[in-house]
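Chains A and B supply the protein sequences, listed in that same order. Here this note's numbering = 1-based position in the first sequence + 223. Here this note's numbering = 1-based position in the second sequence + 223. All C-beta atoms in this analysis are idealised placements derived from N, C-alpha and C, irrespective of residue type, glycine included.
There are 2 protein chains.
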Amino acid sequence: MLLKIEFESDVPIYTQIKNQIIEGIALGILKEGDEMPSIRQLASDFGINLHTVKKAYDLLKDEGFLNVHRRKGYVVTKNAFADDNFIEELKKDLQPILANAYSRGMMQDEILTICEEILRKFKNKE
Amino acid sequence: MLLKIEFESDVPIYTQIKNQIIEGIALGILKEGDEMPSIRQLASDFGINLHTVKKAYDLLKDEGFLNVHRRKGYVVTKNAFADDNFIEELKKDLQPILANAYSRGMMQDEILTICEEILRKFKNKE
DNA sequence: TATATGTTATATATATAATATAACAAGTAT
DNA sequence: ATACTTGTTATATTATATATATAACATATA
């Protein structure tokens, strides 16, 4: 699992880490049971603070993507699921992004194709 | 054009305003040439500061969704378009959101259907 | 002339993001 | 036992982003 941090981005570092781990799970690069690098390890790898990494990990724990094992540290889990509440949030997140693309003149199919392309990269469920 | 601001949201007020105006354009509620309420008017309607509204308007101006007319104030325009740069940003924005849904167990079709539903509400181009 | 536009400038308050240190508890390996 | 690595907690500091408060200015309009 290789992470890339963009320090010029306006996306907070902890959000970049959090997103890339979720993407790793979607892509199948990160599987249930996989042990994440320790917060100190990741922090030193990127030259950032330990608390920044911990914030990302803790958010992922709250959302059900990671568990803390007293021996192994943070471990990939799959307790996150898509309840009605999440679906509502999903729509709220997608709406402005899709509206932006559409208002710039893109066709519905064009936009949907991009969504499909992204989804196609994700690992098929077994 | 009726805007709704959620003061408890962690989405900045200026972002909420900006997003809802773009959504208004996508929905066909806001059309090219429409005059927006003045920044002071909108600010007083919601009990917020004039600069918060101005920030939203100015960002929309930068992106090509609004123009400033010396007499009419901020006016809806359609200079925004989807260049390669925007498409790249679009993918970067969509990726983590779709990955999240997929990692929570949603099927590709399920996710695509939600995108379709949102897009279907947007006004067909003439 | 009074009024309504947007614009610019300053200052202030609050929250968020990120860092810096330090210390602690629990488990592991030597 | 000792040293080392986990995560955890606490405190403080810095920088940036968000939002507000006032004031003044230029331009156009009624």
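Exercise for the section: Assign A:Met-329 to buried or exposed, taking buried as 16 or more other Cβ atoms, counted over all protein chains shown, within 10 Å of its Cβ. Expected result: Buried.
Problem - Sub-9 Å separation of A:Phe-288 and A:Val-299 beta-carbons - result: Pairing A:Phe-288 with A:Val-299 gives a Cβ-Cβ distance under 9 Å.
Handout entry: Three or more C-beta pairs below 8 Å linking the region 316-326 of chain A and the region 310-317 of chain B
Key = A contact between stretches requires three or more CB pairs, one per stretch, nearer than 8 Å, and the region 316-326 of chain A meets this requirement with the region 310-317 of chain B.
Handout entry: chain B within 9 Å of A:Lys-314, Cβ atoms only
Key = It does; some Cβ of chain B falls within 9 Å.
Exercise for the section: Name, please, each residue of chain A whose Cβ falls closer than 8 Å to the Cβ of B:Phe-288. Expected result: Counting only Cβ-Cβ distances below 8 Å, B:Phe-288 has contacts in chain A at Ser-326, in chain order.
Problem - Option in A:Lys-346, A:Gly-296, A:Ile-334 and A:Glu-333 with minimal Cα separation from B:Gln-331 - result: Ranked by Cα distance from B:Gln-331, the options A:Lys-346, A:Gly-296, A:Ile-334 and A:Glu-333 are led by A:Lys-346.
Practice task
Compare the Cα-Cα distances from A:Tyr-325 to each of B:Arg-327, B:Ile-262, B:Asn-302 and B:Tyr-325 and report the closest residue.
Solution key: It is B:Asn-302 whose Cα lies nearest to the Cα of A:Tyr-325.
Practice task
Indicate whether at least one CB of chain B lies closer than 9 Å to the CB of A:Asn-242.
Solution key: By this cut-off, A:Asn-242 is an interface position.
Exercise for the section: Report the residue from A:Ile-262, A:Leu-283, A:Gln-264 and A:Ile-252 whose alpha carbon sits nearest the alpha carbon of A:Met-242. Expected result: Contrary to the premise, residue 242 of chain A reads as Asn rather than Met in this sequence. The candidate whose alpha carbon is nearest that of A:Asn-242 is A:Leu-283.
Problem - Buried/exposed call for A:Met-259, threshold 16 Cβ in 10 Å - result: Result: buried.
Practice task
For B:Asn-302, name the three-state secondary structure that DSSP assigns.
Solution key: In the three-state reduction of the DSSP assignment, B:Asn-302 falls in the coil class.
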